[in-house]
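In this note's numbering, the protein residues as written are 286 to 488.
C-beta atoms are modelled at their ideal positions from N, C-alpha and C, and glycine is treated no differently.
Small disclaimer: the values here were computed from a predicted structure and weren't measured.
See below for the structure under consideration.
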């Protein structure tokens, strides 16, 4: 089978199209994407490599410091920061612990709905709307963690509500953690820290 000329491109439906026969604006759009995409992939790989190196070196420094003091710490530990002697540069390692929920959260939602319907008959639409909102999955596929945990602050002396709160407690998973490396330029005189943007949206 003969290879197609470079100007032929395979479309999502499996057919091929001659780029040179498309509208000029479509040709331009295609050219820009093809030109920019490899640069983006290369930059992404560089950032990933920077994070790996920075994380490795920061953790190695932390371990060396602990060894110097004869201290043993289990687990990855929390965040810390390092400053340059001149005081104008700072690197932070931050550990953000995330709370997610297991399947028990569905039981909690069902019990709360039952409580609202049977125990708080005639309850305001606003209360029901709040409940629906905190249990609604956001664009990232996550529930409103703080909203759901905030429900535990409401104390109703009712078995249904108490069972719902127990289900929420049982559903909590706190073992997720994300590590971030952030770089800051510091103005010692003004005591201002400026984040070095490593995100295209913030650069």
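Which same chain residues, not among the five before or five after residue i, have their C-beta less than 6 Å away from its C-beta?
i: residue 305; result: 292
i: residue 343; result: 378
i: residue 368; result: 375
Nearest by alpha-carbon distance to residue i: which of the options is it?
i: residue 385; options: 422, 373, 308, 475; result: 422
i: residue 401; options: 447, 434, 366, 340; result: 447
i: residue 427; options: 351, 346, 414, 457; result: 457
i: residue 485; options: 307, 332, 315, 312; result: 332
Please report the straight-line C-alpha distance between residue i and residue j, rounded to a whole angstrom.
i: residue 376; j: residue 364; result: 11 Å
i: residue 430; j: residue 464; result: 19 Å
i: residue 335; j: residue 455; result: 38 Å
i: residue 416; j: residue 381; result: 26 Å
i: residue 300; j: residue 459; result: 49 Å
i: residue 441; j: residue 387; result: 24 Å
Excluding the five sequence neighbours on either side, which residues of its own chain have a C-beta within less than 8 Å of the C-beta of residue i, listed in chain order?
i: residue 452; result: 389, 390, 392, 393, 396
i: residue 475; result: none
Could you give the residue range of the beta strand (DSSP E) that holds residue i?
i: residue 295; result: 293 to 295
i: residue 455; result: Note, residue 455: premise wrong, no beta strand (DSSP E); alpha helix (DSSP H) at 444 to 456.
i: residue 303; result: 301 to 303
Quick one: residues in its chain with C-beta nearer than 7 Å to the C-beta of residue i, no 5 flanking neighbours on either side, listed in chain order?
i: residue 478; result: 375, 469, 471
On the DSSP letters alone, give me the boundaries of the alpha helix (DSSP H) that residue i sits inside.
i: residue 478; result: Segment 477 to 480 is the beta strand (DSSP E) holding residue 478; no alpha helix (DSSP H) there.
Which runs of the alpha helix (DSSP H) spanning at least 4 residues fall entirely within the region 346 to 434, listed in chain order? Counting only runs of 4 or more, we get 389 to 403, 410 to 419.
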